[in-house]
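Asks:
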Amino acid sequence: MAHDTFWNPNQAIDSLDRLISSMNFDATPLMLHHPPSRRSSITSSLNSQIEGLNAYCAEAELLFEKISQIKKRLLHQLHACVSALTPIAALPIEVLRGIFDVVVKMGSHSIPTLMAVCHPWKSIVSEQPSLWTHMEVPSGDSFGPVTAHRSHSASFPLSLEVHE
0 MAHDTFWNPN
10 QAIDSLDRLI
20 SSMNFDATPL
30 MLHHPPSRRS
40 SITSSLNSQI
50 EGLNAYCAEA
60 ELLFEKISQI
70 KKRLLHQLHA
80 CVSALTPIAA
90 LPIEVLRGIF
100 DVVVKMGSHS
110 IPTLMAVCHP
120 WKSIVSEQPS
130 LWTHMEVPSG
140 DSFGPVTAHR
150 SHSASFPLSL
160 EVHE
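Quick note on numbering that gives the first Met the number 0: the sequence shown kicks off at 0 and runs consecutively.
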C-alpha cells in the first residue's frame with residue numbers, strides 16, 4: 000500500500016505496546032522492599048520513561064500535522080484534477096464570460112452564486128467588469144456592496160436600482 004512508504008503507524012504502536020508491557024508491574028510492593036535511595040532511582044527512571052513518552056507524543060503530533068497537511072494538499076490536487084475533467088472546464092473563457100453575462104442579467108443575486116462555484120469562476124467573474132455594471136440595492140442598505148461593485152466595474156458605468 001502507498002501509505003507504507005510514509006510511516007507505518009502499526010509498527011510504532013507495536014513498539015509502544017512492547018515498551019508499556021515491559022513496564023507493566025505493581026510498583027507498591029517493589030517500592031516497599033527497597034531502601035529510599037533505590038526507590039528514588041526507580042521513581043527517577045519512571046519519570047525519565049514518562050518524559051520519553053511525552054517526547055514521542057510531541058513527535059507523533061508533529062508527524063500527524065505534517066501528514067494532515069500532505070493529505071489536504073493531495074485532496075486539493077485531486078479536486079483540481081476532477082474539476083478539470085468536467086465538460087464545462089473545456090469551454091473557452093470567452094464562452095464562459097458570455098454565459099456569465101446572460102446569467103447576471105437574469106438576476107441580481109447571481110454574482111455571489113457564480114463566484115462560489117469554484118476558484119476559476121471566481122477569478123473570471125472578479126475580472127469581468129461588464130458583470131458588475133448593474134446593482135439592485137434595498138433602501139437603507141449599507142454601501143459595502145456598492146463599493147465592491149464600483150471597484151469591480153472598473154471604467155464601466157455603474158447603474159444602481161434602489162428598492163423600497
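Think of the CB as a built atom: it goes at the ideal place given N, C-alpha and C, for glycine as much as any other residue.
Check whether the Cβ atoms of LEU113 and VAL101 sit closer than 9 angstroms, and answer yes or no.
Replies: no
Asks: Which full runs of the alpha helix (DSSP H) of 4+ residues lie inside the stretch 100-143, going along the chain?
Replies: Counting whole runs of 4 or more residues, the stretch 100-143 contains the alpha helix (DSSP H) stretches 109-116 and 118-125.
Asks: With a threshold of 7 angstroms on Cβ separation, who are the neighbours of ARG96 within its own chain once the five nearest residues in sequence on each side are excluded?
Replies: ILE123 and GLN127
Asks: Only counting runs of 4 or more residues, tell me where the alpha helix (DSSP H) segments fall wholly within the stretch 4-89, in order along the chain.
Replies: 8-22, 26-31 and 35-83
Asks: Going straight from the alpha carbon of SER43 to that of GLY51, what length do you get?
Replies: 12 angstroms
Asks: Under the three-state reduction of DSSP, which class applies to SER154: helix, strand or coil?
Replies: coil
Asks: On the three-state DSSP scale, how would you describe GLU93?
Replies: helix
Asks: Identify the residues that DSSP records as bridge partners of GLU160: which are they?
Replies: GLU135
Asks: Assign LEU130 to buried or exposed, taking buried as 16 or more other Cβ atoms, counted over all protein chains shown, within 10 Å of its Cβ.
Replies: buried
Asks: Run the CB neighbour count on PHE63, radius 10 Å, all protein chains shown included, and call it buried at 16 or more, exposed below.
Replies: exposed
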